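The structure appears below as structure tokens.
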Amino acid sequence: MKFAGMGDNVVDRYVNKKVMFPGGNAVNFAVYARKCGMDAAYLGVFADDPEGKLIRNALLELGVDVSGCTVMEGTATERCDVILVDGDRTFVGSGWEDGKERKTLKLGQKELEYLKQFDVIHCGCYAYMEDEMRKLGEFDCIRTFDFSSEEEYRSEEYLKMVCPYVDIALFSGAEMSDDQIRVLEKKVRSYGVSCVLVTNGTKGQLLFEGDREHRGQVKRIEPVDTMGAGDSFFTAFVVSLVGQGWERHGKMEEGMIQEAFASAADFSSKNCLVEGSFGFATPYE
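Note that UniProt numbering numbers the sequence shown so that position 241 is 241, with each residue one more than the last.
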């Protein structure tokens with residue numbers, strides 16, 4: 001099976017340690033799919049700066065295909081600044097090098113032809129590709145999308161724009177009650193999404209599929225670094241479902257779902273023992 005993450009690439013800078021790591025939702029998805037044994041690719045735009053080279057080289061070293069990517073001159077890699085305390089990371093800001101522009105992937109004919117080979121294509125709100133998602137409307141693959149936790153990515157306008165082109169939607173709902181989650185999932189599914197997965201912090205996860213609700217459990221550990229915890233869980237969850245034979249528009253059996261929950265919890269907990277999203281620590285000034 002072939003998995004692709006398309007969109008954002010960033011560096012996560014640990015300001016209290018003065019080290020940075022490659023990351024970004026789409027990059028993480030591709031890396032984690034590869035670590036789960038899948039053929040994986042990342043499709044995006046690399047900046048022509050040291051941070052862009054770090055991300056690209058890390059992907060190549062891990063066996064992630066980047067042949068569909070471009071390197072854009074005059075652009076800068078987004079820098080996400082975090083503080084790590086007792087294994088838990090807190091984002092404190094983000095930005096770009098002064099005078100440089102942000103790079104955003106646009107899906108032209110070349111990119112669309114490249115994407116046709118994949119069984120699963122993932123994107124997320126931080127890729128700023130909302131207008132591009134409709135171009136995947138006729139694709140037969142499984143399309144997944146990470147809506148993260150911010151309210152702006154749950155507005156009626158945003159959901160109407162993205163949801164018709166998504167099969168599995170992921171939301172982070174650590175501060176939400178079960179009733180609030182159910183209100184959200186009903187709204188999301190009314191726009192055409194078949195499956196909604198909400199991670200709910202230490203309370204576990206809720207999956208809504210068909211007319212059923214399923215709950216997963218958290219595997220408790222002492223984390224080295226929680227960076228990438230949600231991305232690794234979601235990627236492993238989708239890999240497990242597809243590996244068990246689930247197809248777009250197909251029914252998810254209860255045993256299949258619980259196996260996916262268990263596999264994802266195990267993979268994510270192990271990833272929390274790694275620094276950064278997937279390692280490659282690099283000092284910065």
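Think of the CB as a built atom: it goes at the ideal place given N, C-alpha and C, for glycine as much as any other residue.
The structure displayed is predicted, hence computed values, not measured ones.
Assigned exposure category for Leu-54 - 16 Cβ within 10 Å defines buried
buried
Counting C-beta neighbours from all protein chains within 10 Å, is the total for Thr-75 16 or more, i.e. buried, or is it exposed?
buried
Drop a sphere of 10 angstroms on the beta-carbon of Pro-50, count the other beta-carbons inside from all chains shown, and report buried for 16 or more, exposed for fewer.
exposed
Hey, would you say Met-20 sits closer than 8 angstroms to Asp-8, going by beta carbons?
no
Okay, do the segment 260–274 and the segment 165–173 touch, 3+ Cβ pairs below 8 angstroms being the bar?
no
Beta-bridge partners of Ala-4, as assigned by DSSP
Ala-41, Ile-121
Inspect the beta-carbon positions of Thr-226 and Asp-88 and report whether they are closer than 8 angstroms.
yes
Beta-carbon within less than 7 angstroms of Leu-107's beta-carbon, same chain only, minus the 5 sequence neighbours each way: which residues are those?
Glu-132, Lys-135
Span of the alpha helix (DSSP H) around Ala-169
Premise fails: Ala-169 lies in the beta strand (DSSP E), 168–172, not in any alpha helix (DSSP H).
Identify the continuous alpha helix (DSSP H) that holds Ile-257 and give its terminal residues.
254–271
Residue range of the beta strand (DSSP E) that includes Phe-145
142–146
Close Cβ partners of Ala-229 (< 6 angstroms) along its chain, the five nearest in sequence each way excluded:
Ser-268, Cys-272
Quick check: the segment 136–149 against the segment 161–168, are there 3 or more CB pairs under 8 angstroms?
yes
Spatial distance of Lys-203 from Trp-96 (CA atoms):
35 angstroms
Can you give me the C-alpha to C-alpha distance between Glu-275 and Lys-17, rounded to a whole angstrom?
12 angstroms
How about Ala-40 and Val-64: do their beta carbons lie closer than 8 angstroms?
yes
In three-state terms, what does DSSP make of Leu-241?
helix
Close Cβ partners of Tyr-128 (< 7 angstroms) along its chain, the five nearest in sequence each way excluded:
Thr-104
Simplified DSSP state of Gln-180, which is helix, strand or coil
helix
Compute the distance between the beta-carbons of Tyr-42 and Leu-60, then report whether it is under 8 angstroms.
no
Note down, in chain order, each residue of its chain lying with its Cβ closer than 7 angstroms to the Cβ of Phe-29, except the 5 sequence neighbours on either side.
Gly-5, His-122, Asp-231, Thr-235
Could you check what DSSP says for Thr-202 in three-state terms: helix, strand or coil?
helix
What residues in its chain sit with their C-beta under 7 angstroms from that of Ser-94, if we drop five residues either side in the sequence?
Glu-78, Arg-79, Cys-80, Asp-81
Rounded C-beta distance between Leu-206 and Asn-200? I'm assuming under 8 angstroms.
6 angstroms
Please tell me whether Tyr-32 and Gly-68 are closer than 8 angstroms, where the distance is taken between their beta carbons.
no
Between Lys-187, Ala-262, Phe-147, Ile-181, which lies nearest to Asn-25 when the distance is taken from Cα to Cα?
Phe-147
Within 10 angstroms of its Cβ, does Gly-216 collect 16 or more other Cβ (buried), or is it exposed?
buried
How long is the line joining the alpha carbons of Val-10 and Glu-285, rounded to whole angstroms?
17 angstroms
Helix or strand or just coil, what does DSSP make of Cys-69?
coil
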